[in-house]
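Student: Next up is a structure, given as structure tokens.
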Amino acid sequence: MIEINQISQYVKEQIRVHIGICYKKDALDCFDQASLIFVPFNDIESLTSPCIAIPNDIKNQSEPNDITRLNINDTNYTFYNKIERPSNSWEEICIDGVAVWYRNNIGVIMPAWNHFHNIVDLFSFRAERDTKLRDKHQRLNFKDNPFLIAGLGEVPVFNEFINILLACLSGKKSGIGFFPDISEWVRPLKIVLSHDCDVLLGNDKYSQIGRVWRGIIGILKGNFYNLTFPLWMLYNFFNPRKFYMNNVYAMIDMERQFGFTSILYILNGVGGRYGFRNNLSAVKELLENIPENWEIGLHYNYDTLLDDVSFLRQKNELQAIIGQEVFLGRAHYLKFDPLKSYYQLETHGIRFDESLGMPHINGFKVGMAGVFYPFLNQDKKVSSVLTLPLQFWDSHLNSEAKIANFEKSIEHLSKIGGVVSVLFHPGKFYNIEDPKMDGVYYRVLKTLQRVQAKSVSPNYLIQQASYLSGK
Amino acid sequence: MSVIVRLATKADSKDCNALHNKAYGVARNLDQWNWTFQNRLFPDLELPFIVAEDDGKIVGTQALIPIQMIDNDGVYWSAKSEETLVDINYRGHGLFEKMYEKAFEVAKKSNVQSIWGFTPARKAFLRVGFEIPMDTSQLFKPLRAKCVAVLLSNGNSNSESVRLKDFFKKILFFLVGAMASTYSNIRQFFTIILKPRLEIVELKHLSSAPEQAKKLCFDFIAHWGGATIYRDQKYLKWRIFDNPFNKANMIGAYVNGELVGYCAFSIGEDEMGYIVDIIVVEPTNSDINSRNIIHKLLSTASSRMSDMGACGIRGWNMTNHKFDKLIADEAKKLGYVSIDRGTAVVLHKSYETNDLRNTIEFENWSVSRIFTEGRNG
Chain A
16 MIEINQISQY
26 VKEQIRVHIG
36 ICYKKDALDC
46 FDQASLIFVP
56 FNDIESLTSP
66 CIAIPNDIKN
76 QSEPNDITRL
86 NINDTNYTFY
96 NKIERPSNSW
106 EEICIDGVAV
116 WYRNNIGVIM
126 PAWNHFHNIV
136 DLFSFRAERD
146 TKLRDKHQRL
156 NFKDNPFLIA
166 GLGEVPVFNE
176 FINILLACLS
186 GKKSGIGFFP
196 DISEWVRPLK
206 IVLSHDCDVL
216 LGNDKYSQIG
226 RVWRGIIGIL
236 KGNFYNLTFP
246 LWMLYNFFNP
256 RKFYMNNVYA
266 MIDMERQFGF
276 TSILYILNGV
286 GGRYGFRNNL
296 SAVKELLENI
306 PENWEIGLHY
316 NYDTLLDDVS
326 FLRQKNELQA
336 IIGQEVFLGR
346 AHYLKFDPLK
356 SYYQLETHGI
366 RFDESLGMPH
376 INGFKVGMAG
386 VFYPFLNQDK
396 KVSSVLTLPL
406 QFWDSHLNSE
416 AKIANFEKSI
426 EHLSKIGGVV
436 SVLFHPGKFY
446 NIEDPKMDGV
456 YYRVLKTLQR
466 VQAKSVSPNY
476 LIQQASYLSG
486 K
Chain B
4 MSVIVRLATK
14 ADSKDCNALH
24 NKAYGVARNL
34 DQWNWTFQNR
44 LFPDLELPFI
54 VAEDDGKIVG
64 TQALIPIQMI
74 DNDGVYWSAK
84 SEETLVDINY
94 RGHGLFEKMY
104 EKAFEVAKKS
114 NVQSIWGFTP
124 ARKAFLRVGF
134 EIPMDTSQLF
144 KPLRAKCVAV
154 LLSNGNSNSE
164 SVRLKDFFKK
174 ILFFLVGAMA
184 STYSNIRQFF
194 TIILKPRLEI
204 VELKHLSSAP
214 EQAKKLCFDF
224 IAHWGGATIY
234 RDQKYLKWRI
244 FDNPFNKANM
254 IGAYVNGELV
264 GYCAFSIGED
274 EMGYIVDIIV
284 VEPTNSDINS
294 RNIIHKLLST
304 ASSRMSDMGA
314 CGIRGWNMTN
324 HKFDKLIADE
334 AKKLGYVSID
344 RGTAVVLHKS
354 YETNDLRNTI
364 EFENWSVSRI
374 FTEGRNG
């Protein structure tokens with residue numbers, strides 16, 4: 016019982032953090048003043064006064080069930096894992112004949128979907144807990160994650176639930192039904208742009224070998240553009256910063272045009288095919304020229320996963336260069352174990368992390384565009400590392416269809432509120448070897464400008480989340 | 004049809020913006036509308052925006068954007084003609100003339116010395132008394148093979164019969180672009196390696212409008228003569244740093260700690276770069292001259308736009324102003340070419356005003372892309 020109450024408190028806190036950051040004060044006040052309780056399903060019938068009661072003891076199966084999409088006020092919402100009505104005396108509050116809420120004659124309202132355990136499963140990494148399968152970079156593969164296989168990674172289900180919940184609270188307060196339009200409450204979309212600075216000079220041996228390899232593969236695949244590789248090998252040999260380090264400055268110039276800022280996650284430490292490919296002088300050169308409002312974070316090197324010695328060595332090396340503490344980071348290759356890595360990050364002073372992303376697709380790995388404190392199931396405790404899942408990155412913005420999907424997601428999120436994380440690597444921003452990416456970052460920023468998104472810093476998010484969760 | 008012509012109020016902003024968005028098929032938002040037409044540079048003129056209204060529906064718009072100019076006699080008010088629009092169903096009924104009657108009243112009342120703008124609608128503006136001193140023309144630096152296609156893009160025809168023609172056109176543009184960019188890059192390469200590095204000129208990014216802007220502008224006119232937009236700190240804050248469309252990057256040139264010039268540049272749609280503005284004065288107590296500073300600013304801006312992925316760079320160059328001629332000269336050494344392709348410059352300064360002063364002929368204005376409405380920075 017203590018445990019379920021503790022988890023309920025945790026879920027309520029994460030909801031409050033999200034509302035406080037993504038919605039205006041009126042929404043937060045409405046949430047704070049609402050009689051919203053988390054109770055075991057069997058206790059709901061015995062409630063004697065009107066409230067919103069969210070059942071907190073219905074466990075989900077590992078595979079999501081009853082996935083349903085509904086359109087409310089011109090916005091699409093996705094629901095899954097249905098809860099049966101407690102009894103026939105409960106009224107169904109429906110959209111298009113599908114129940115979203117149940118209400119009894121006392122005025123107790125409960126969701127018709129198991130939002131509580133949907134959130135708990137996502138924020139405590141149920142998919143990772145349920146299987147030990149991992150890919151060669153020790154990440155849970157897309158095909159082994161039932162949530163993603165079901166297509167739910169394409170939608171921010173958490174953000175949608177909060178929007179539906181707030182609409183219900185607003186409607187209940189003002190007596191205008193369950194689904195009023197609450198767009199006035201939604202703050203402009205917040206964005207965190209970032210760049211993983213893996214390769215700063217394009218003349219390292221791994222990059223040069225990679226060009227030869229792509230040239231050979233190009234012949235086999237009929238992609239003859241890759242045959243131009245000797246030109247680029249030569250070009251970067253004489254001008255190693257072009258398309259790499261220069262692109263970092265160029266992205267900053269472009270961000271300034273839109274009034275945005277970004278985070279540079281710096282890779283340093285041990286070298287190798289998957290490791291740090293340049294020398295430290297390149298990192299120093301880059302960092303000397305980074306303007307004031309652009310943040311520096313640690314790009315956890317490939318060898319640092321659960322290795323405290325190499326993690327600390329890398330972090331100390333970067334801190335020595337910039338002369339201040341580094342408290343934000345993302346894992347190189349997204350090589351990250353959400354069940355164990357948070358302990359390591361906490362130990363070494365990382366307070367903001369963006370490693371929760373999907374290597375093979377853009378979307379919402381834990382069903383959210385926002386920040387949350389992960390729930391560490393092993394010890395039943397809440398991590399102190401504020402986490403912003405990575406949703407969109409360059410490798411999955413390389414076609415018109417993918418850019419269109421990005422634009423659609425941003426449009427959707429601007430209606431329901433959220434914090435969006437976008438990653439662009441320097442080598443992908445503008446590189447003559449990858450002409451498909453020409454102008455893509457500009458389009459990404461233009462899309463964000465169109466919805467009047469605002470750039471926010473990790474510090475702002477940490478402060479807000481800390482204040483809202485009472486930590 | 005009982006159309007009334009009146010000054011707009013803030014309550015009209017949504018409808019005025021909608022008319023514009025419908026006419027041009029764009030999605031300008033209200034923040035952008037407010038920034039453009041309520042720049043608050045002119046304290047007494049809240050909204051110099053004229054609308055034609057038929058039965059509560061906005062069917063025509065004509066805006067004046069108050070802009071201060073400077074010449075050797077000092078600073079004076081002018082206005083930029085903007086947002087000239089008449090609903091297609093209301094054309095041919097003299098609405099444009101009626102809106103301009105009102106605009107001239109506003110100009111007289113506010114002692115605006117001239118109204119100027121850039122437009123393809125030559126006849127309409129000539130009819131209401133404007134002159135056309137020249138057409139805009141530009142400097143263009145090809146950076147990549149696709150630059151010519153982008154520069155000349157006018158939308159593709161869907162007709163089957165022209166597909167083959169379009170295909171050959173594309174090939175031709177690509178080849179011309181490839182040759183032009185090769186020439187341009189080689190010319191820039193040799194110019195840069197042959198020039199001394201000019202360490203004494205220090206370039207710094209400007210993250211806000213510099214306080215010294217006013218002095219720079221006065222020094223500019225004192226040295227180069229002619230007339231130009233008066234770019235004080237307030238103006239630059241509005242035009243560059245608060246621009247909700249595209250905030251151009253701005254680099255300042257310093258000699259011995261003194262701001263002696265700046266260059267504003269940006270990248271816009273279609274991967275085209277723009278030299279938005281450049282101002283340089285002759286440094287005092289230094290061996291460096293303004294030509295050296297222009298070179299350093301232009302070559303740095305060009306390299307940075309190239310790194311941003313620009314396929315070409317455009318800048319305006321049209322008048323006989325001494326400084327503009329010098330810019331063109333230095334730009335050509337960096338591989339820029341002149342292109343006479345643009346729209347009409349329209350200028351009116353003979354309407355009745357309360358306190359008429361002499362103003363400089365347009366051919367002696369120093370004109371950069373800062374004279375545009377600012378969508379590309």
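Read top to bottom, the protein sequences are chains A and B.
Numbered by our numbering, the letters in the first sequence go through residues 16 to 486 in order.
Numbered by our numbering, the letters in the second sequence go through residues 4 to 380 in order.
Every residue gets a Cβ at the ideal spot worked out from N, C-alpha and C, and that includes glycine.
Within the continuous alpha helix (DSSP H) that includes B/H23, where are the two ends?
Tutor: Residue 23 of chain B sits at position 20 when you count from the first residue of the second sequence. Its alpha helix (DSSP H) spans residues 16-27.
Student: Closer than 8 Å, Cβ to any Cβ of chain B: which residues of the segment 363-391 of chain A, in chain order?
Tutor: From the segment 363-391 of chain A, no residue has a Cβ closer than 8 Å to chain B.
Student: If we ignore side chains and look at the alpha-carbon of each, how far apart do A/K151 and A/T319 end up?
Tutor: Walking along the first sequence from the start, residue 151 of chain A turns up at place 136. Walking along the first sequence from the start, residue 319 of chain A turns up at place 304. The alpha-carbon atoms of A/K151 and A/T319 are separated by roughly 15 Å.
Student: Taking the alpha-carbon of A/T276 as reference, which of A/L249, A/K257, A/F253, A/I305 has the nearest alpha-carbon?
Tutor: Translated into positions along the first sequence, residue 276 of chain A becomes position 261. Looking at the Cα atoms, A/I305 is the closest of the given residues.
Student: Starting from the C-beta of B/T322, find all residues in its chain whose C-beta is less than 6 Å away, skip the five residues before and the five after it, and write them out in chain order.
Tutor: The residue labelled residue 322 of chain B in the question sits at position 319 within the second sequence. The answer, listed in chain order, is E366, W368, V370.
Student: With burial defined as no fewer than 16 other Cβ atoms inside 10 Å of the residue's Cβ, what is the status of A/N96: buried or exposed?
Tutor: As a position in the first sequence, residue 96 of chain A is number 81, starting the count at 1. Buried, because 16 or more other Cβ atoms sit within 10 Å of the Cβ of A/N96.
Student: Is the CB of B/I7 under 8 Å away from at least one CB in chain A?
Tutor: Position 4 of the second sequence, counted from the start, is the residue given in the question as residue 7 of chain B. No, B/I7 lies away from the interface with chain A (no Cβ there is under 8 Å from its Cβ).
Student: Which bits of chain A does B/H208 rub up against, with CB to CB less than 8 Å?
Tutor: Here residue 208 of chain B corresponds to residue number 205 of the second sequence, with the count starting at 1. Here the neighbours are P306.
Student: Give a yes or no on whether the C-beta atoms belonging to B/A279 and B/G380 are separated by under 8 Å.
Tutor: The count along the second sequence starts at 1 and reaches residue 279 of chain B at position 276. The count along the second sequence starts at 1 and reaches residue 380 of chain B at position 377. In the sequence as displayed, the identity of residue 279 of chain B is Val instead of Ala. Yes; because the gap between Cβ atoms is below 8 Å, this pair is in contact.
Student: Would you please state the rounded distance, in angstroms, between the beta carbons of A/Y315 and A/F326? I believe it to be under 8 Å.
Tutor: Numbered from its first residue, the first sequence carries residue 315 of chain A at position 300. Numbered from its first residue, the first sequence carries residue 326 of chain A at position 311. So it is a contact: roughly 7 Å between Cβ atoms.
Student: Using the C-alpha atoms, what's the distance from B/T194 back to B/K144?
Tutor: As a position in the second sequence, residue 144 of chain B is number 141, starting the count at 1. As a position in the second sequence, residue 194 of chain B is number 191, starting the count at 1. Those two C-alpha atoms are separated by around 14 Å.
Student: Since A/P441 and A/V207 should fall inside the 8 Å C-beta cutoff, what is the C-beta to C-beta distance between them, to a whole number of angstroms?
Tutor: Residue numbering aside, residue 441 of chain A sits at position 426 when the first sequence is read from its first letter. Residue numbering aside, residue 207 of chain A sits at position 192 when the first sequence is read from its first letter. Their Cβ separation, rounded to whole angstroms, is 17 Å, which puts A/P441 and A/V207 out of contact at 8 Å.
Student: Taking 8 Å as the cut-off, does the segment 122-129 of chain A touch the segment 160-174 of chain A (at least 3 CB pairs, one atom from each stretch)?
Tutor: The segment 160-174 of chain A is not in contact with the segment 122-129 of chain A.
Student: Can you tell me where the alpha helix (DSSP H) with A/Y456 in it begins and where it stops?
Tutor: On the first sequence, residue 456 of chain A is found 441 positions in, with the first residue counted as 1. Looking at the DSSP string, the run of the alpha helix (DSSP H) that includes A/Y456 is 455-465.
Student: Contact criterion: CB-CB distance below 8 Å. Does B/N159 meet it with respect to chain A?
Tutor: In the second sequence, residue 159 of chain B corresponds to position 156, counting from 1. Bear in mind that a pLDDT of 45 at B/N159, under 50, signals an unreliable position, so the model cannot answer this.
Student: For B/G276, I'd like the list of residues in its chain whose CB is within less than 6 Å of its CB, leaving aside the five on either flank, ordered along the chain.
Tutor: The residue labelled residue 276 of chain B in the question sits at position 273 within the second sequence. So the list reads I270, M308, A313, I316, once near-sequence residues are dropped.
Student: List, in chain order, every chain A residue whose beta-carbon is nearer than 8 Å to that of B/N252.
Tutor: Residue mapping note: residue 252 of chain B aligns to position 249 of the second sequence, counting from 1. Chain A residues near B/N252: D268, R271, Q272.
Student: I'd like to confirm the pairing. Which residues does DSSP put opposite A/N91 in its beta bridges?
Tutor: As a working note, residue 91 of chain A is residue 76 in the first sequence. According to DSSP, which records beta bridges pairwise, A/N91 is partnered with A/N86.
Student: Spell out a yes or no on whether the segment 79-91 of chain B and the segment 111-125 of chain B are touching, meaning 3 or more CB-CB pairs, one atom from each, closer than 8 Å.
Tutor: Yes: at least three Cβ pairs fall under 8 Å.
Student: Would you be able to state if there are at least three C-beta pairs under 8 Å between the segment 194-209 of chain A and the segment 24-41 of chain A?
Tutor: Taking 8 Å as the limit for Cβ pairs, the verdict is that the segment 194-209 of chain A does touch the segment 24-41 of chain A.
Student: Are B/D138 and B/G345 close, meaning C-beta to C-beta below 8 Å?
Tutor: Counting from one through the second sequence, the residue named residue 138 of chain B turns up at place 135. Counting from one through the second sequence, the residue named residue 345 of chain B turns up at place 342. Contact flag set, yes.
Student: Taking 8 Å as the CB-CB cut-off, is A/D318 touching chain B?
Tutor: Translated into the one-based positions of the first sequence, residue 318 of chain A becomes position 303. A/D318 does not count as touching chain B.
Student: Got a sec: is the Cβ-Cβ distance from A/Y445 to anything in chain B below 8 Å?
Tutor: As a working note, residue 445 of chain A is residue 430 in the first sequence. Closer than 8 Å: yes.
Student: Apart from the five residues just before and just after B/D18, which ones in its own chain have a Cβ nearer than 7 Å to its Cβ?
Tutor: Your numbering for residue 18 of chain B matches position 15 in the second sequence. Excluding sequence neighbours, B/D18 sits near I61.
Student: How would you write the range of the beta strand (DSSP E) that A/R288 sits in, first residue to last?
Tutor: As a working note, residue 288 of chain A is residue 273 in the first sequence. Where A/R288 is concerned, there is no enclosing beta strand (DSSP E), given that its DSSP letter is neither H nor E.
Student: Relative to the C-alpha of B/Q236, which residue among B/L209, B/Q191, B/G228 is closest?
Tutor: In the second sequence, the residue the question calls residue 236 of chain B occupies position 233. Closest option to B/Q236, Cα to Cα, is B/L209.
Student: For A/S414, is the classification buried or exposed, using 16 other Cβ atoms within 10 angstroms of its Cβ as the cut-off for buried?
Tutor: Counting from 1 along the first sequence, the entry for residue 414 of chain A is found at position 399. Exposed: under 16 other Cβ atoms inside 10 Å.
Student: Which of helix, strand or coil does DSSP assign to A/Q393?
Tutor: Numbered from 1 along the first sequence, position 378 holds the residue referred to as residue 393 of chain A. The answer is coil: DSSP assigns A/Q393 none of H, G, I, E or B.
Student: Verify the CB distance criterion: does A/D150 have a CB-CB separation below 8 Å to chain B?
Tutor: Residue numbering aside, residue 150 of chain A sits at position 135 when the first sequence is read from its first letter. Taking Cβ atoms only, chain B never reaches closer than 8 Å to A/D150, which makes this a no.
Student: Taking 6 Å as the limit between beta carbons, can you name the residues of its chain near A/S23, skipping five residues before and five after?
Tutor: In the first sequence, residue 23 of chain A corresponds to position 8, counting from 1. Excluding positions up to five away in sequence, the list reads F53, N71.
Student: Buried or exposed: which applies to A/E18, given that a residue is buried once 16 or more other Cβ atoms fall within 10 Å of its Cβ?
Tutor: Here residue 18 of chain A corresponds to residue number 3 of the first sequence, with the count starting at 1. Its Cβ having fewer than 16 others within 10 Å, A/E18 is exposed.
Student: Any heavy atom of the ligand SAH closer than 7 Å to the beta-carbon of B/N188?
Tutor: No copy of the ligand SAH appears in this structure; indeed no ligand is present at all.
Student: Between the C-alpha atoms of B/G338 and A/I177, what's the straight-line distance to the nearest angstrom?
Tutor: Within the second sequence, the letter at position 335 stands for residue 338 of chain B. Within the first sequence, the letter at position 162 stands for residue 177 of chain A. So the two alpha carbons sit approximately 56 Å from each other.
Student: Can you tell me which of A/T462, A/V381, A/Y445, A/K417 puts its alpha carbon nearest to the alpha carbon of A/A8?
Tutor: Examination of residue 8 of chain A is not possible in this model, given that chain A is present from 16 through 486 alone.
Student: Closest to A/S492 by CA distance: which of A/W309, A/I281, A/E310, A/E307 is it?
Tutor: Examination of residue 492 of chain A is not possible in this model, given that chain A is present from 16 through 486 alone.
Student: A/C212 by DSSP, collapsed to three states: which one?
Tutor: Position 197 of the first sequence holds residue 212 of chain A. Correct three-state label for A/C212: strand.
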